[in-house]
Amino acid sequence: MIHDSVIRPKLVTGEKTLHDVTTEICRPIENKPSTSWKVGFTLAVIFFGLLALTLTITMLYGIGTWGLNKTVQWGWDITNFVFWVGIGHAGTLISAILLLFRQKWRMSINRSAEAMTIFAVLCAAIFPLFHMGRLWVGMYWVLPLPNAFGSLWGNFHSPLLWDVFAITTYFSVSLVFWYLGMIPDIATVRDRATTAGRKFWYNFFSMGWTGSVRTWNRYEVVSLILAGISTPLVLSVHTIVSMDFATSVVPGWHTTIFPPYFVAGAIFSGFGMVLTLLIIARKVMNYQDYITIGHLEAMCKVVMLTGTMVGLAYITEFFVAAYSGVVYEQYAFINRATGPYWWAYWSMMTCNLVAPQVFWFKWARTTPWFIFMLSIVVNVGMWFERFVIIVTSLHREYLPSGWVMYSPTWVEIGIFLGTFGLFFTCFFLFAKFLPVINMSEVKSILKNRE
Amino acid sequence: MAKKQLYWKGEEELLRTKEFLAAQKNEFNEALPLDEVFSENNMGLTANRRDFLKFFGFSVAAVSLAACNSTPVRNIVPYLVKPEEITPGVANYYNSTCGACSTACGTTIKTREGRPIKIDGNVNSPISKGGLCATGQASILGLYDTERLDGPTKDGDNIDWKDLDSEIQTSLNSIASAGGKIAIVSGTIHSPSTLAVINEFKTKYTTANHISYDAVSYSGILSANKDSFGKQVIPSYHFDKANVVVSFGADFLGTWISPVEFTKAWSAKRKVEGSEKVLKTIVFESNLSLTGSNADYRFPMKTSNEAIYVVALYNELAQLSGGSQISMAKTGDLAGGAIKQTAKALWTEKGNAIVVSGSNNPAIQSVINGINILLGNYGNTIDLDNHSNQYKGVDADFVQFSNDLKAGAYQAVIFYNTNPVYNSPLSNVIVEGLKKTKLSVSFSGTKDETATLCQYIAPDHHFLESWNDAEPKAGIYQLSQPTISPVFKTRQAQESLMNWAGVAASLENDPFAKKGIYNQKNEASPYYLYIRKVWATNGVSADDAFNKALHDGGIFTNAPIASTIPSFAISLNNLVSELEKSVGRNNEIDLILYQNIAVKDGAISNNPLVQETPDPISKVTWDNYVSLPKALAENKGIQNGDLVNLTLGSVSLKAMPVFIQPGQSNQTVGLALGYGRKGKIGEKGAFDSIGKNAFPFVSYTNNAFNYVLNGVKIEKISGSYELAQTQTHHSIEGRAIVKETTFNEYKKDPKAGNNQVVPHLYTLWETKDYKKEGAPNHHWAMAIDLNACTGCSACVVSCSVENNVPVVGRAEVRRRREMHWIRIDRYFAFEDKKGLVDKTDSQFEGAFITKEKGLEIADKKAEGSQYEHWENVKVVHQPMMCQHCGQAPCETVCPVLATTHSTEGLNQMTYNRCIGTKYCANNCPYKVRRFNWFRYNDNDKFDFHFNNDLGKMVINPDVTVRTRGVMEKCSMCVQSIQAGKVKAKREKRTLNDGEVKTACQRACPANAIVFGDVNDVNSEVRKLFLNERSYRVLEELNTQTAVKYLTKVRDTENSNA
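Chains Z and X are the protein sequences, given in the same order.
Just so you know, my numbering puts 517 at position 147 of the first sequence, and the rest follows in order with no gaps.
Just so you know, my numbering puts 1041 at position 970 of the second sequence, and the rest follows in order with no gaps.
Below, the structure is given as structure tokens:
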């Protein structure tokens, strides 16, 4: 089954035996949490509490507690939504597309990347839900249930409705894919379990996995099918998110380049976030042998490629605006670069187009602390990209009488920070209770597995 | 062991046939009727008995469960005895007179179930001609004001009317019998019956005299006319008869004397279709006023130099006419040749011109009279015989009274419809004097600044509860009628005076008594009877005649302009010393006090609708501010948001916010009167925080109050203050949103300024067809004439009242969340006379700078200079509301179909479906959608009229009050359309053009807004849609709007576009 060339560099270093893999990856699950885990988890929960507080305030008093106004009616909310959805892209890309392309290096990172996807989509979902003026009514009207009134459906012209479908589909497929991939490993934990509770729960979630040839065979087939389903989703989700903007008439939004540009940006930011997380995780959990410099380098290459792609898109937008002869379009782009939000635009350009170019140098691609810094820069840059697209387009569009400035309130900032709390709470729990590396797959790529 | 079967159900059982046995094995021997139940055929009504019982049982259980939810019980109290004229759900309309100011526009009041909910102009009234200003529109809230007094008070404690009457009568009697003087101080009264009542009072108490006092005085005109022509009146100005008007600081379209009447006339004469001449408007002023913003030529003037300007104009005209000139030492054409040009323009239109001045200096007004005499305007455009009565206060009388009061000469004072403690510069004198009186009474409905210092408050009805009459102009008699029973235990002021004068009793046997309208206590209102008596003595005695007058709103004689040319009785050269005295020192700064368009003199400034109406020029709400010219601001290093101290002699205002106002003349600053009232309504109960009182700055010179004060000191202090503006970007960025041309070009080509070729437009969606087969549908549309619109903002208030638009307060306006469904966009263009901006740069073509970047360049180059491009600005006003796009960007993006298109071309909101994604507002190119960020009703954070039961009485029951989290916008008053359609249907006819009018259209004093059905070939709106001047805003987006604008046409020499 495995047809690797012997001269290829090893994907897992440290001359691990099969037993080593099992013990090392099950270690955090079976031992008491470390101090660093406790500190990190507490911090995450505090921020999660901030999320609960700020969302409660929003629901109690209204969206007016945010800084939005009559002209800029989407601000940090949708910026953060697109930011998180973008981050949620790398997981499925790694597990599905790289699976189809037989990129075996994905094996030791796909589990955590997928987990990141799911948590990021959870965080993302908060924004479109809570940005609604009447969430309680929204839950009812958006889902097109046939009802007693006759044909009262949602509006299928509206990209927001497409969004609902795209994101729920993506979320559910990713969740199933993630869970399915974990079943053999959960069974391993179950088999090693010493306490009754652990036995019960891991037994429950392993769904009676026996490890027989038949189950493995089915497992492989279903993985492949899910990978096939996920692959177009990777492209469709952000395409549809981009259509929230592209199908509108707002100068700066109304652009056909958006779907590929957004997908590239999403992969860019997704890999940025994967790098951020894994560089911490491999250090803290001592997984350098599984998540090697080789992994980081491969991801840096993806980051550089996609960063350059979005950079190209930024420049293309300017060209199209100039070439179109539409004054509103032209002004929108000049205003981005030279208007009152110029700092956001140039932050975006620096972080997304210029900064990743350092990855042309091998040193930059292979030095973890440097990659870590760059991955943060990428995340910041991609946040600014969404802010630039949403806020600077809206704040000055057709009629100058409506031109305004927008700045967030502490509630909006709190919600954004709070979603980081949610994200890391989930991630810490994941790292504590589930195997963060796919043991069964990693075992298949050990050179010395004999 | 089978039992023997004794009974059987049928033969087949007895015989035990094969089929029976087979069937018996099957428990359900008939197929379940599932298919039938779930089939769509027969609507699933084939259920059998058992199923019916199941469904029935389930339904009963479900309904019982649902009923467990406790819905609050709300009682509707039906009429025990239904008033004859009130049908619930049907509005009644009454013609009456507006009492918000003494202009006394005729009004039509809409009432629902006995509550007035809307004031509009009365189309019969020659004053309002159907229009009504922002202040008048808003004044309805005064009726439902929680600050109103519930009954009379004595020293702050409640008292019975009876006790009050006897105490005051006793007091008055003792004062009068001892020869003590009694004063009735009032605002201008032109009500014949009220004046008669006051005369009765004066007859009874012979020591009483009546002093008229206007917060913003026109005493200068009155005195000048007395000196010049022997008539102490304000003449009638007929702008619709003139071809040129020259105004020296008189904001006749905004606040001067009778703005609604003047706007009606002005806009009629500005009509370009088929006109040889339009009313050329030339304005010299300091503050950029509404009139200035609509002028063809506007010249910045330092108003303390006004005497030099008017004398120069007089002398130019005298030269042209060959008459004698005024010889004044200080003279010259300070406007750089503009005076000569103006004189020429006036001279060519001799007899068809009007020259007016906003000055209150009798000497200057006399020169203006002289100019009008030279031009022969009297008898043609200005009428002294059919004069105005709207302002009659003579400042000298009031000053005399105040000083006498302070000296202790008055034993009793009665204040009616006036508040001198607040709005007079002699406030301190009056406060001192009041302490020396034995009796002080105020008729104020609220505890205003004067009333709180009075011994008794005998609260007057709100004008919507009152009977009254008015004679705003000679020959125009209007009536006021109550449209609601008194909300509180108030009493009409006239009735109080009648009681105290003992007049009421003598009316009991009056022939009209039995026919009277009954008041709350089921008694005839004595003042109504008194009005009948007064009107009877003037020839309207029959019930029919009086009722006809009541129905029409009054008796309006359409007297032609009296052709008498008055003899000019003074020598202007005698006034030279006064004129020279009025000229300010050259190096000192002028403070120009003016009235804000909605707040005016501040009489109703505790009205949230008035406060939230943006100033049409600066777009500031909820505050007054120091309006600074750019040059002065740069010189002093002051920026927008800074605070300054204003000092003039001993008077000073600390920590005033500033606004750098384009168009403000150098060496002058503006400050609005009418702010800084004491009260409790408003944001968190602090109305005192709304602006600062500028009345103490008013000076008394040349026997009149003076609102132009030379020598003010401005000192920047630390700290900052953000003014709440509804528009913060002021340049149009070279975009063809407002199209304009000049009159000369228009005459050559009516399409001038509007001949851009719109490229072929494509759409994804099917084009809507409003003419379905068979009966033709309506297609509602609106045309807005930018050439008529002055920006007066009456439509904004009217719309808010009609459509229950919430007031959100200063803090929310600062966050740019005002809820107005209609707004007036205002853009400045800066005239670049010095060529500061490179014209070869394609970005900045033309003589005007219209772009932010261009202005930045110009400002940089102009550093250290006088910033003349800031002084000379061109202004456009553009009303903007939902454009009801045929292909609406908002409609396609709503995920829940909460905003959809009607078959009649309206873009309609379904509030119940709206979930508040706000996508529609983002995608609206016109930015007219308004989101309910908070719940604006029943919310203590928004303590305006929607937060109390009394204030909520103004709510229009035909329009939903929106909840938090939904989007709203202009509906083109769909409730009025619906009502009109229903009415037409009931009368079995089609809807007539003009039958349905939107709230903005009804309010507009300029007739700029026309609403109607474009499918109706004869409709006015269709004609306007086909007019060469008509265009759509952002037509290139192919939104196919149902609103079209008509190009603005300026009567200037050349195109300044």
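In this text, a Cβ means the ideal position worked out from N, Cα and C, and glycines have one as well.
- Counting C-beta atoms within 10 angstroms of its own C-beta, Ile-416 of chain Z has fewer than 16 neighbours from the protein chains shown and is therefore classed as exposed.
- Exclusion of the five residues before and after Glu-484 of chain Z leaves Gly-461, Thr-462, Ile-464, Ser-465, Ser-544, Phe-547, Trp-548 and Gly-551 as the residues of its chain whose Cβ lies within less than 8 Å of its Cβ.
- Any Cβ of chain Z closer than 9 Å to the Cβ of Gly-393 of chain X would place that residue at the interface, and such an atom is absent.
- Sixteen is the threshold: since fewer than 16 other Cβ atoms of the shown chains lie within 10 Å of the Cβ of Thr-686 of chain Z, the residue is exposed.
- Under the 10 Å beta carbon count, Arg-656 of chain X is surrounded by fewer than 16 other beta carbons and is classified as exposed.
- Listed along chain X are Glu-804, each with a C-beta nearer than 8 Å to that of Tyr-701 of chain Z.
- For Gly-862 of chain X, the secondary structure class from DSSP, reduced to helix, strand or coil, is coil.
- It is roughly 11 Å from the alpha-carbon of Ala-254 of chain X to the alpha-carbon of Thr-277 of chain X.
- Comparing alpha carbon positions, the residue from X:Ala-171, X:Gly-422 and X:Gln-549 closest to Ser-392 of chain X is X:Gly-422.
- Interface with chain Z (9 Å Cβ-Cβ cutoff): Val-1037 of chain X is included.
- In its chain, beyond the 5 residues on either side, Ala-205, Gln-208, Ala-209, Leu-680 and Thr-684 have a beta carbon closer than 6 Å to the beta carbon of Val-868 of chain X.
- Asp-221 of chain X and Asn-244 of chain X have their C-alpha atoms spaced approximately 27 Å apart.
- Around Leu-1108 of chain X, the beta-carbon contacts reaching into chain Z at under 7 Å are Val-619.
- For Ser-791 of chain X, the uninterrupted beta strand (DSSP E) segment begins and ends at 779-791.
- For His-281 of chain X, the uninterrupted beta strand (DSSP E) segment begins and ends at 279-283.
- With fewer than 16 other CB atoms across the displayed protein chains lying within 10 angstroms of its CB, Arg-397 of chain Z is exposed.
- Between Phe-786 of chain Z and Ile-399 of chain Z, the gap from beta carbon to beta carbon reaches 9 Å or more.
- In summary, the residues of the region 678-698 of chain Z whose CB is separated from some CB of chain X by less than 9 Å are Val-696, Val-697 and Tyr-698, in the order they occur in the chain.
- Val-872 of chain X and Ile-895 of chain X have their alpha carbons spaced roughly 17 Å apart.
- With respect to the C-alpha of Ser-721 of chain X, the residue from X:Lys-1068, X:Val-729, X:Asp-661 and X:Lys-784 having the closest C-alpha is X:Lys-784.
- Shown here for Leu-384 of chain X: same chain residues with a beta carbon closer than 7 Å to its own, the five before and five after excluded, namely Ile-410, Thr-413, Ala-414 and Ile-442 in chain order.
- Of all alpha-carbon atoms in X:Ile-1026, X:Arg-1060, X:Asp-1020 and X:Cys-1071, the one lying nearest the alpha-carbon of Ser-1042 of chain X is that of X:Cys-1071.
- Residues of chain Z with a Cβ closer than 7 Å to the Cβ of Ala-992 of chain X are, in chain order, Gln-443.
- For Asn-525 of chain Z, the chain X residues whose C-beta falls within less than 9 Å of its own C-beta are Glu-962, Thr-963, Val-964, Cys-965, Pro-966, Val-967, Leu-968, Ala-969 and Thr-971, listed in chain order.
- In the DSSP secondary-structure assignment, Arg-369 of chain X is bridged to X:Val-354.
- Within the same chain, and ignoring the five residues on either side of Gly-788 of chain Z in sequence, the residues whose Cβ sits closer than 7 Å to its Cβ are Phe-417, Phe-418, Leu-420, Leu-421 and Thr-424.
- Under a 10 Å Cβ-count criterion, Ser-600 of chain Z is classified as buried, with 16 or more other Cβ atoms of the shown protein chains found around its own Cβ.
- Against Val-774 of chain Z, the close residues of chain X are Thr-799 and Arg-887, in the order they occur along the chain (beta-carbon pairs closer than 7 Å).
- Spatial neighbours of Asp-311 of chain X in its own chain (CB-CB distance under 6 Å, excluding positions within 5 residues in sequence) are listed in chain order as Ala-336, Ala-339 and Lys-340.
- Cβ neighbours of Gln-1111 of chain X within its own chain (closer than 7 Å, five residues either side excluded): Cys-956, Gly-957 and Gln-958.
- Residues of the same chain with a CB within less than 6 Å of the CB of Glu-1066 of chain X, apart from the 5 flanking positions on each side, are Gly-1051 in chain order.
- Annotation: the continuous beta strand (DSSP E) that includes Leu-662 of chain X extends over 660-666.
- For Ile-688 of chain X, no alpha helix (DSSP H) encloses it, and the DSSP letter there is neither H nor E.
- Residues of chain Z whose Cβ lies closer than 8 Å to the Cβ of Arg-1001 of chain X are, in chain order, Lys-440.
- Chain X places a beta carbon closer than 9 Å to that of Leu-531 of chain Z, counting this residue as a contact.
- Here the region 217-231 of chain X lies against the region 511-530 of chain X, with 3 or more beta-carbon pairs under 8 Å apart.
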